[in-house]
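Enquirer: Encoded as structure tokens, here's the structure I'll be asking about.
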């Protein structure tokens, strides 16, 4: 807190440490899309047995970030490429470009490519570099993939309480509940594992996770997904805008932009979309399916306990026939539909 006040007053200029956090992302044999952030923060530590106060402190730390702007970051895939970029005012960096080398040659059996990140600015004597190099991964889906899965996180695989009265459950879950203790919606890990395996059971179908949560929640959500056995996949969150944001606000919602980017990156791959009926997934997903009816195999919308929104979503579904849309009350219903339609064994 005192560090934040000093920075605002312009009396604090030296950094205590440098942390580069790469976000799990995706690419192709000739293109990569890698995003991350450079911060003057210690790594987040979430322990399985921590109490509610420690959980609250961790939540506070996730949002009390000290970004490092205008910093040069170097990305290296050993033996393949070396790229450089600079962080923006919020400390974010992005590598998004076409490559000459075939980087799929260094992917593992699941399609993951490891890369190294280096901080290339001069360090002050008392500044600690917390990694050298920092390490990240991005996914190149197999050419044998039968289809891909694009799924919402909030109230689709993780109960958030966004529809609760005054959103008190949302606040409790977000602020006071340890990531290890957050329970996935019943049967969700098994559903995603089956879709990841597909018909051939080769674990080749990529799974992309979307959320309207800000990037500050990345480590928390990644831990939740990994701990509960969900297939590893790119995690795509959003920038948290502040009242003095200078950049132009995007025209399309975050989820819509991310899904269009994925469809554009993999033009030969079809997808299953999974969301919930509590937010705007029904509108976004059906709009995308109407524009790409040949690319979207099915839409699964998990029902939430909110009569008004359920009625609105049902009216959308009733007037849509471009792609099969199924309102499911359980993962078992989605599994049955996927099996009947030959998506899984």
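Numbering (UniProt numbering), first residue to last: 1 to 345.
Glycine residues also receive a C-beta, built at the ideal position from the N, C-alpha and C atoms.
1) Between which two residues does the alpha helix (DSSP H) carrying residue 159 extend?
2) Tell me the DSSP secondary structure of residue 256 in three-state form.
3) Looking only at its chain, what residues have a beta carbon closer than 8 Å to the beta carbon of residue 253, apart from the 5 residues adjacent to it on each side?
4) Can you confirm whether the stretch 28 to 43 touches the stretch 91 to 105 when touching is taken to mean that 3 or more C-beta pairs between the two stretches lie within less than 8 Å?
5) Distance check for residue 264 and residue 68, CA to CA, integer angstroms please.
6) Counting pairs of Cβ atoms below 8 Å between the stretch 133 to 144 and the stretch 185 to 199, do you hit three or more?
7) Hey, could you find the ends of the beta strand (DSSP E) residue 76 is sitting in?
8) At which residues does the alpha helix (DSSP H) containing residue 291 begin and terminate?
9) Keeping to the same chain, check which residues put their C-beta closer than 7 Å to that of residue 222; ignore five residues upstream and five downstream.
10) Skipping 5 residues on each side, what residues in its chain have a beta carbon closer than 7 Å to that of residue 104?
11) Between the C-alpha atoms of residue 148 and residue 124, what's the straight-line distance to the nearest angstrom?
12) State the DSSP-derived secondary structure class of residue 322, mapped to helix, strand or coil.
13) Where residue 331 and residue 93 are concerned, what is the direct C-alpha to C-alpha distance, given to the nearest angstrom?
14) Determine the direct distance from the alpha carbon of residue 202 to that of residue 155, and round the result to whole angstroms.
15) Whole angstroms are fine: how far does the CA of residue 73 sit from the CA of residue 335?
16) Assign residue 328 to one of two classes, buried (16 or more other C-beta atoms within 10 Å of its C-beta) or exposed (fewer than that).
17) Alpha carbon to alpha carbon, what distance is there between residue 121 and residue 258?
18) Helix, strand or coil for residue 130, going by three-state DSSP, please let me know.
19) Cβ of residue 144 within 8 Å of Cβ of residue 204?
20) Going by other Cβ atoms of all chains shown within 10 Å of its Cβ, with 16 needed for buried, is residue 42 buried or exposed?
21) Out of 27, 66, 49, which one is the CA nearest neighbour of residue 21?
22) Taking the alpha-carbon positions, what's the residue 288 to residue 270 distance?
Expert: This is what the structure holds:
1) Translated into the one-based positions of the chain shown, residue 159 becomes position 159. Careful: residue 159 lies outside any alpha helix (DSSP H) and carries neither H nor E.
2) As a working note, residue 256 is residue 256 in the chain shown. Note: residue 256 maps to helix in three-state DSSP.
3) Here residue 253 corresponds to residue number 253 of the chain shown, with the count starting at 1. Result list for residue 253: 280, 284, in chain order.
4) yes
5) Within the chain shown, residue 68 is the residue found at index 68, counting from 1. Within the chain shown, residue 264 is the residue found at index 264, counting from 1. Taking the straight line from one Cα to the other gives about 31 Å.
6) no
7) As a first step, residue 76 is located in the chain shown; it is residue number 76 there, counting from the start. Residues 72 to 77.
8) In the chain shown, residue 291 corresponds to position 291, counting from 1. Segment 281 to 291, the alpha helix (DSSP H) holding residue 291.
9) Numbered from 1 along the chain shown, position 222 holds the residue referred to as residue 222. Excluding residues within five positions, the ones whose Cβ falls inside 7 Å are 24, 235.
10) Counted from its first residue, the chain shown places residue 104 at position 104. Excluding sequence neighbours, residue 104 sits near 29, 140.
11) As a working note, residue 148 is residue 148 in the chain shown. As a working note, residue 124 is residue 124 in the chain shown. Cα to Cα, the separation comes out at about 46 Å.
12) Numbered from 1 along the chain shown, position 322 holds the residue referred to as residue 322. Of the three classes helix, strand and coil, the one that applies to residue 322 here is coil, per DSSP.
13) If you number the chain shown from 1, residue 331 lands on position 331. If you number the chain shown from 1, residue 93 lands on position 93. Distance between the alpha carbons of residue 331 and residue 93: 37 Å.
14) Counting from one through the chain shown, the residue named residue 155 turns up at place 155. Counting from one through the chain shown, the residue named residue 202 turns up at place 202. The alpha-carbon atoms of residue 155 and residue 202 are separated by roughly 28 Å.
15) Here residue 335 refers to the residue found at position 335 of the chain shown. Here residue 73 refers to the residue found at position 73 of the chain shown. Roughly 43 Å between the two C-alpha positions.
16) As a working note, residue 328 is residue 328 in the chain shown. Buried, because 16 or more other Cβ atoms sit within 10 Å of the Cβ of residue 328.
17) Counting from 1 along the chain shown, the entry for residue 258 is found at position 258. Counting from 1 along the chain shown, the entry for residue 121 is found at position 121. Whole-angstrom Cα-Cα distance: 31 Å.
18) The sequence position of residue 130 within the chain shown is 130, counting from 1. It is coil, neither helix nor strand.
19) Stepping through the chain shown from its first residue, residue 144 is reached at position 144. Stepping through the chain shown from its first residue, residue 204 is reached at position 204. Yes, Cβ-Cβ distance for residue 144 and residue 204 is below 8 Å.
20) As a first step, residue 42 must be located in the chain shown, where it is residue number 42. By the neighbour-count rule (16 or more Cβ atoms within 10 Å), residue 42 is not buried but exposed.
21) One-based indexing of the chain shown puts residue 21 at position 21. Comparing Cα-Cα distances from residue 21 to each of 27, 66, 49, the minimum goes to 66.
22) Position 288 of the chain shown holds residue 288. Position 270 of the chain shown holds residue 270. Their backbone Cα atoms lie some 12 Å apart in a straight line.
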